[in-house]
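Visitor: Sharing a structure below in structure tokens format, with a few things to ask.
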Amino acid sequence: MMRPATLDDLPAVRDITVAAYAPYTDLLGGLPLPVTEDYVPRIAREEVWIRDDGDAVSAIAVFERHADHLLIFSIAVAPSFQRQGLGSELLRFVDAQAEECCVADVRLYTNARMERNIALYRAYGFQETGRRPNPYRPGWTLVDMAKPAGQMASERN
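Per the working numbering, the very first residue in the sequence shown carries number 81; after that it's consecutive.
Right, dumping it as structure tokens:
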């Protein structure tokens, strides 16, 4: 079940984020931005949603609502729940939120070195819209991606 995170969920949000992004620390030569994020204000704005399995929090989706789009900040699945399709489930959830908010598209950005994530997003229907230097991490390149809200790759083919 997906629900907005509360401050009581903050330790789980942090733990899942740190664990999910751990493989990228060496690849990037530093901590990915979601690992260093202060989630307290995001929780207050209901930007952090958790997948609550009753016994454990298995995954989180962090996204911002804008007038014409939703922006995904982070999708993170606890390592013990990975490879079960939860990443795609979270993307479908964000899509449903975008449709509910009546916005045109879903956007995200990711590090150019996170090739596995880029491939997942492409398979789901995201298209690259550009690349730019990361304003917070010199030497890192961000890949901007977008897709129409509610339209999955299989619907476009």
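Cβ atoms here follow ideal geometry from the backbone N, Cα and C, with glycine treated the same way.
Please tell me whether Ile123 and Ala85 are closer than 8 Å, where the distance is taken between their beta carbons.
Guide: Position 43 of the sequence shown, counting from 1, holds the residue named residue 123. Position 5 of the sequence shown, counting from 1, holds the residue named residue 85. Closer than 8 Å, so yes.
Visitor: What is the residue span of the beta strand (DSSP E) that Leu111 lies within?
Guide: As a first step, residue 111 must be located in the sequence shown, where it is residue number 31. Following the DSSP letters along the chain, one finds Leu111 in no beta strand (DSSP E), marked with neither H nor E.
Visitor: By alpha-carbon positions, which one of Leu113, Glu179, Phe173 ends up nearest to Val98?
Guide: Translated into positions along the sequence shown, residue 98 becomes position 18. If we check each option's Cα against that of Val98, Leu113 comes out closest.
Visitor: Tell me the rounded alpha-carbon separation between Tyr104 and Arg193.
Guide: Walking along the sequence shown from the start, residue 104 turns up at place 24. Walking along the sequence shown from the start, residue 193 turns up at place 113. Straight across, the Cα-Cα distance linking Tyr104 with Arg193 is about 9 Å.
Visitor: At the level of alpha carbons, what is the spacing between Arg125 and Leu111?
Guide: Here residue 125 refers to the residue found at position 45 when the sequence shown is read from its first residue. Here residue 111 refers to the residue found at position 31 when the sequence shown is read from its first residue. Their Cα atoms are separated by approximately 24 Å.
Visitor: Is Asp132 helix, strand or coil when you go by DSSP?
Guide: Position 52 of the sequence shown, counted from the start, is the residue given in the question as residue 132. If DSSP states are grouped into helix, strand and coil, Asp132 belongs with the strands.
Visitor: Output the distance between the C-alpha atoms of Gly109 and Gly205, rounded to the nearest integer angstrom.
Guide: For this step, residue 109 is matched to residue 29 along the sequence shown. For this step, residue 205 is matched to residue 125 along the sequence shown. Their Cα atoms are separated by approximately 29 Å.
Visitor: In chain order, what residues of the same chain have a beta carbon less than 6 Å from the beta carbon of Thr221, not counting five sequence neighbours either side?
Guide: If you number the sequence shown from 1, residue 221 lands on position 141. Within the same chain, Thr221 has close Cβ partners Ala192, Arg211.
Visitor: So is Arg187 buried or exposed if we call it buried at 16+ other beta carbons inside 10 Å?
Guide: On the sequence shown, position 107 is the one that residue 187 refers to. Buried is the call here.
Visitor: In angstroms with no decimal places, state the Cα-to-Cα distance between Val223 and Ser168.
Guide: Along the sequence shown, one-based indexing puts residue 223 at 143. Along the sequence shown, one-based indexing puts residue 168 at 88. When rounded, the distance between both Cα atoms is 19 Å.
Visitor: Do Ala141 and Leu170 have their CB atoms nearer than 8 Å?
Guide: As a position in the sequence shown, residue 141 is number 61, starting the count at 1. As a position in the sequence shown, residue 170 is number 90, starting the count at 1. Contact flag set, yes.
Visitor: Going by DSSP, name the residue or residues bridged to Asn191.
Guide: Numbered from its first residue, the sequence shown carries residue 191 at position 111. Partner(s): Leu222.
Visitor: Distance check for Asp175 and Asp132, CA to CA, integer angstroms please.
Guide: Working through the sequence shown from its first residue, we reach residue 132 at position 52. Working through the sequence shown from its first residue, we reach residue 175 at position 95. Rounded to the nearest angstrom, the two C-alpha atoms are 19 Å apart.
Visitor: Is Pro228 helix, strand or coil when you go by DSSP?
Guide: In the sequence shown, the residue the question calls residue 228 occupies position 148. DSSP places Pro228 in strand when its eight states are reduced to three.
Visitor: So Ala184 packs on Ile130, CB below 8 Å; how close in whole Å?
Guide: The count along the sequence shown starts at 1 and reaches residue 184 at position 104. The count along the sequence shown starts at 1 and reaches residue 130 at position 50. Wrong, their Cβ atoms sit about 26 Å apart, outside the cutoff.
Visitor: Could you have a look at Val120 and say whether DSSP puts it in helix, strand or coil?
Guide: Here residue 120 refers to the residue found at position 40 of the sequence shown. Val120: helix per DSSP, three-state reduction.
Visitor: In terms of alpha-carbon separation, which member of Gly134, Glu117, Glu127 lies closest to Tyr216?
Guide: As a first step, residue 216 must be located in the sequence shown, where it is residue number 136. Comparing Cα positions, the closest option is Glu117.
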